[in-house]
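Notes follow the structure.
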Amino acid sequence: MAFVVLGANALLLLQLSALLVVVDVYALPLPPIAAPKSPTLVLPKLPPTPAVKPIIKPPPVLPPVKPPTRPPVYPPRKKIVAVQGVVFCKSVCKYRGVNTLLGASPLAGAVVKLVCNNTKNSLIQQKTTDKNGYFFFTPTKLTTADVRKCRVLLVKSPNPKCSAPTNLNRGSAGAILIPAIKPRSKKQQPFSLYTVGPFAFEPAKKYPCH
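Take the sequence shown: its letters are residues -27 to -1, 1 to 183, numbered as in mature numbering (1 follows the signal peptide of the UniProt record, and there is no 0).
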């Protein structure tokens, strides 16, 4: 009888142990459940858009450019020429042979000559100085185109004690014509004025200096 009781108790203990094992299994913590992933939205691939070429407009057609019109160029008008100058007497003997007008005075009655060796308008004219030693040529056939071959030179002096022509400003060799400075005048002159000199005579060597 005792064996029966013991066997019944042992069976009960085994059942309790099995129950505890089952309880312990269910008492274990459950593994975390991951949240379901949201489905990835996959868009359909579109074909590439073809590149649009820019519209290039042709350049505007401009009218042909006309060359600038220039006024016609005319040669300078030829004008009549006038020539002026002054003649002095170097009466101071110590300045004989010196190119200076120190002590000189205007010489009235001196003769000067205008010579132009041009092919078409060759001429020779003489003028006598006034009381101020001034002379003025107005040759009618001489124009501005001819002055390059013209010269003015001394001829003679009315004073025997002041009769030797000097080469001051090429008075004895022949002076070229130089355009005169135009005066500030609105009045237009009928000629182109040229000037030479001043020229000078001096005592001749036969007159001794004292």
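Heads up, the beta-carbon is just placed ideally off N, CA and C, and yes, glycines get one too.
Exercise for the section: Output yes or no for whether 8 Å exceeds the beta carbon distance between Ala177 and Ser145. Expected result: As a first step, residue 177 must be located in the sequence shown, where it is residue number 204. As a first step, residue 145 must be located in the sequence shown, where it is residue number 172. Not in contact: Ala177 and Ser145 (Cβ atoms no closer than 8 Å).
Handout entry: Ser165, enclosing beta strand (DSSP E) - first and last residue
Key = On the sequence shown, residue 165 is found 192 positions in, with the first residue counted as 1. Per DSSP, the unbroken beta strand (DSSP E) holding Ser165 starts and ends at Phe164 to Thr168.
Handout entry: Of the residues Tyr167, Val85 and Cys66, the one placed nearest Gly76, counting alpha carbons only
Key = Here residue 76 refers to the residue found at position 103 when the sequence shown is read from its first residue. Closest option to Gly76, Cα to Cα, is Cys66.
Handout entry: Whole-angstrom distance between Thr102 and Ala83, CA atom to CA atom
Key = For the purposes of this step, residue 83 is identified with residue 110 of the sequence shown, where counting begins at 1. For the purposes of this step, residue 102 is identified with residue 129 of the sequence shown, where counting begins at 1. Cα to Cα, Ala83 sits roughly 5 Å from Thr102.
Practice task
Classify Met(-27) as buried or exposed, calling it buried when 16 or more other Cβ atoms lie within 10 Å of its own Cβ.
Solution key: Taking the sequence shown and counting its residues from 1, the one referred to as residue -27 is at position 1. Residue placement at Met(-27) is poorly supported in this model, since its pLDDT is 45, which falls under 50; the coordinates still yield a value, given next. Burial call: exposed.
Exercise for the section: Can you grab the Cα-Cα spacing for the pair Gln98 / Pro45, in whole Å? Expected result: Counted from its first residue, the sequence shown places residue 98 at position 125. Counted from its first residue, the sequence shown places residue 45 at position 72. Going by the C-alpha atoms only, they are around 38 Å apart.
Handout entry: Nonlocal neighbours in the same chain, by C-beta distance under 8 Å from Asn142, ignoring five residues either side
Key = The residue labelled residue 142 in the question sits at position 169 within the sequence shown. These residues qualify, in order along the chain: Ala148, Val169, Gly170, Pro171 and Phe172.
Practice task
Determine the direct distance from the alpha carbon of Arg43 to that of Ala28, and round the result to whole angstroms.
Solution key: By 1-based counting over the sequence shown, the position of residue 28 is 55. By 1-based counting over the sequence shown, the position of residue 43 is 70. It is Ile, not Ala, that sits at residue 28 in the sequence shown. Going from the Cα of Ile28 to the Cα of Arg43 covers about 43 Å.
Practice task
Under 8 Å Cβ to Cβ from Val59, same chain only, skipping five residues before and after it: list those, please.
Solution key: In the sequence shown, residue 59 corresponds to position 86, counting from 1. Answer for Val59: Pro79, Thr102, Asn105, Gly106, Tyr107, Phe108, Gly170, Pro171 and Phe172, listed in chain order.
Exercise for the section: Rounded to whole angstroms, what's the CA-CA distance from Lys51 to Pro41? Just pull it up for me. Expected result: Residue 51 sits at position 78 when you count from the first residue of the sequence shown. Residue 41 sits at position 68 when you count from the first residue of the sequence shown. Lys51 and Pro41: Cα-Cα distance of roughly 29 Å.
Problem - Contacts around Thr117, its chain only, beta-carbon distance under 8 Å, and the 5 residues preceding and following it disregarded - result: Position 144 of the sequence shown, counted from the first residue, corresponds to residue 117. Only Pro49, Lys51, Lys52, Val54 and Ser165 meet the Cβ criterion.
Exercise for the section: Determine the contact status of Val38 and Lys86, defining contact as a CB-CB distance below 8 Å. Expected result: Stepping through the sequence shown from its first residue, residue 38 is reached at position 65. Stepping through the sequence shown from its first residue, residue 86 is reached at position 113. Against a cut-off of 8 Å, the Cβ pair of Lys86 and Val38 comes out as no contact.
Problem - Backbone CA spacing between Tyr167 and Leu150 [nearest angstrom] - result: The residue given as residue 167 occupies position 194 in the sequence shown. The residue given as residue 150 occupies position 177 in the sequence shown. Rounded to the nearest angstrom, the two C-alpha atoms are 6 Å apart.
Practice task
Give the single residue among Val71, Lys100 and Lys114 whose Cα lies nearest to the Cα of Lys93.
Solution key: On the sequence shown, position 120 is the one that residue 93 refers to. When each option's Cα is compared against that of Lys93, the closest is Lys114.
Exercise for the section: Measure the Cβ-Cβ separation of Glu175 and Lys100 and say whether it is below 8 Å. Expected result: As a position in the sequence shown, residue 175 is number 202, starting the count at 1. As a position in the sequence shown, residue 100 is number 127, starting the count at 1. Contact flag unset, no.
Practice task
Take the Cβ of Pro133 as the centre, count every other Cβ of all protein chains shown within 10 Å, and call the residue buried at 16 or more, exposed below.
Solution key: Position 160 of the sequence shown, counted from the first residue, corresponds to residue 133. Classification of Pro133: exposed, given that the 10 Å Cβ count is below 16.
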